[in-house]
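Numbering (this note's numbering), first residue to last: 938 to 1329. All C-beta atoms, glycine included, are put in the ideal place defined by N, C-alpha and C. Reading through the structure tokens given below for one structure.
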Ligand SMILES: *Cc1c(COP(=O)(O)O)cnc(C)c1O
């Protein structure tokens, strides 16, 4: 569909290191003008020069060069065949679950982003699909939950917000043995730290709103497929649901991606220091952080990731302390979301996990004392000083 010169350039990027791939993207430069910042093709439609002659572009809902540059870049970074950029992580997941036929069954991590839970339980359940929620650390339980109608396994690792770790390689063996699709939500670690397709997954989904964009200024979703046979479904979704990412937002995510490696390194370094500090605070009862050596999933993590990311959850001694912390932070922002340059502190009970039924939340440990923090790239001493003054 795209000009030959586009593909020549594309192929030259394959052998670069990851840190260079994020900078140079799919094409990097515009092949026609040489513009170093890939242009924002802010157009709805494309002119056909004459009958039967097309540039390969017809209408932005179907294809847009800026969105395609982001999609190529994400396919390269995740090691996939094709990528698709959606107007939100939710839109990406809606299109993903749209692959199901009525009566089909999916097994998912029991501790998962609240919006994904809502898509399953409030939308796809109504059209006859069925869902089982499981602790994916228990691979035997996973095998036991497979039914003749099972079509897909959906894993978040580490999970949101309890930081449970799932063994992608082992789960992919189970999926392959039963002919199931394995989908991994890679929002928390990004391909900088974890590449699920290389570990056996079939599809990776992202809320690109988070680390990929990284600046808390865009809502975006990404799907990356391993096999071309899976791509047609997503192309059809973009075309028919009309939920593709707009050109300007695509450009912002491309711009954010250029610093993905640098940002992820800093998020990772800062989070380790903050997690160690939190553990020593008398008002902090328990810290959930995948990088602790005594985390039950630590050995699995080091076998499948190269870092632990910037997310930490913790439980305080009382609801009052939780409210005091949320109201008392000064530099840190009390806000939903994660993965941006700014440190954000969140109250999952009433924010990200509000859609999860109370009994399930309680069982997981998401209670009124529970806090999630997305460690930003500020100076770590400022993050700690702010937490310290708010907890004092
Ligand atoms: C935020 C998030 C989503 C939803 O993405 P949006 O971009 O907010 O629509 C899905 N999964 C995870 C893990 C998330 O953190």
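Asked, Found
"Name the DSSP beta bridge partners of residue 1224, please?", "1251"
"For residue 1193, which residues from the same chain have a beta carbon less than 6 Å from its beta carbon, with the 5 sequence-adjacent residues on both sides left out?", "1150, 1151 and 1152"
"To the nearest angstrom, how far is the alpha carbon of residue 968 from that of residue 992?", "14 Å"
"Cutting at 6 Å between CB atoms, please list the residues of its own chain near residue 1118, excluding the five before and the five after it.", "1089 and 1139"
"Return yes when the C-beta of residue 1223 is under 7 Å from any heavy atom of ligand 2, and no when it is not.", "The model depicted lacks ligand 2 and carries ligand 1 instead."
"Would you say residue 1196 touches ligand 1, meaning its beta carbon is less than 7 Å from a heavy atom?", "no"
"Quick check on DSSP: helix, strand or coil for residue 953?", "coil"
"Whole angstroms are fine: how far does the CA of residue 1238 sit from the CA of residue 893?", "The structure shown does not extend to residue 893, since the chain spans only 938 to 1329, so no value can be given for it."
"Grouping DSSP H, G and I as helix and E and B as strand, with all else coil, what is residue 1258?", "helix"
"Please classify residue 1161: does DSSP put it in a helix, a strand, or coil?", "strand"
"Drop a sphere of 10 angstroms on the beta-carbon of residue 996, count the other beta-carbons inside from all chains shown, and report buried for 16 or more, exposed for fewer.", "exposed"
"Measure the CB-CB distance between residue 1272 and residue 1249 and report whether it falls below 8 Å.", "no"
"Can you find a CB in chain C that lies within less than 8 Å of the CB of residue 1084?", "In the displayed structure, chain C is absent; only one protein chain is listed."
"Is residue 1097 a contact residue of ligand 1, with contact defined as CB to any heavy atom under 7 Å?", "yes"
"What's the call for residue 985, buried or exposed, on a 16-neighbour Cβ count within 10 Å?", "exposed"
"Distance, Cα to Cα, residue 1296 vs residue 1304?", "10 Å"
"For residue 987, name the three-state secondary structure that DSSP assigns.", "strand"
"Quick one: measure Cβ to Cβ for residue 1028 and residue 1159, integer angstroms, because I've assumed they're closer than 8 Å.", "At roughly 10 Å, the Cβ-Cβ gap does not stay under 8 Å, so residue 1028 and residue 1159 are not in contact."
"In terms of residues, what are the limits of the beta strand (DSSP E) holding residue 1305?", "Note, residue 1305: premise wrong, no beta strand (DSSP E); not H, not E."
"Identify every run of the alpha helix (DSSP H) within the region 1064 to 1140, keeping only runs that are complete inside it and at least 4 residues long; order them along the chain.", "1076 to 1082, 1105 to 1114 and 1127 to 1130"
"Between residue 1280 and residue 1312, is the Cβ-Cβ spacing less than 8 Å?", "yes"
"Classify residue 1186 as buried or exposed, calling it buried when 16 or more other Cβ atoms lie within 10 Å of its own Cβ.", "buried"
"For ligand 1, I want to know if residue 1150 counts as a neighbour, meaning its beta carbon is within less than 7 Å of at least one of the ligand's heavy atoms.", "no"
"Does the distance from the C-beta atom of residue 1330 to that of residue 1198 stay below 8 Å?", "No answer is possible for residue 1330: it lies beyond the span of the chain, which begins at 938 and ends at 1329."
"Please tell me whether residue 1124 and residue 1026 are closer than 8 Å, where the distance is taken between their beta carbons.", "yes"
"Which residues share a DSSP beta bridge with residue 1281?", "1270 and 1311"
"CA-CA distance, residue 1001 and residue 1184?", "7 Å"
"For residue 1109, is the classification buried or exposed, using 16 other Cβ atoms within 10 angstroms of its Cβ as the cut-off for buried?", "buried"
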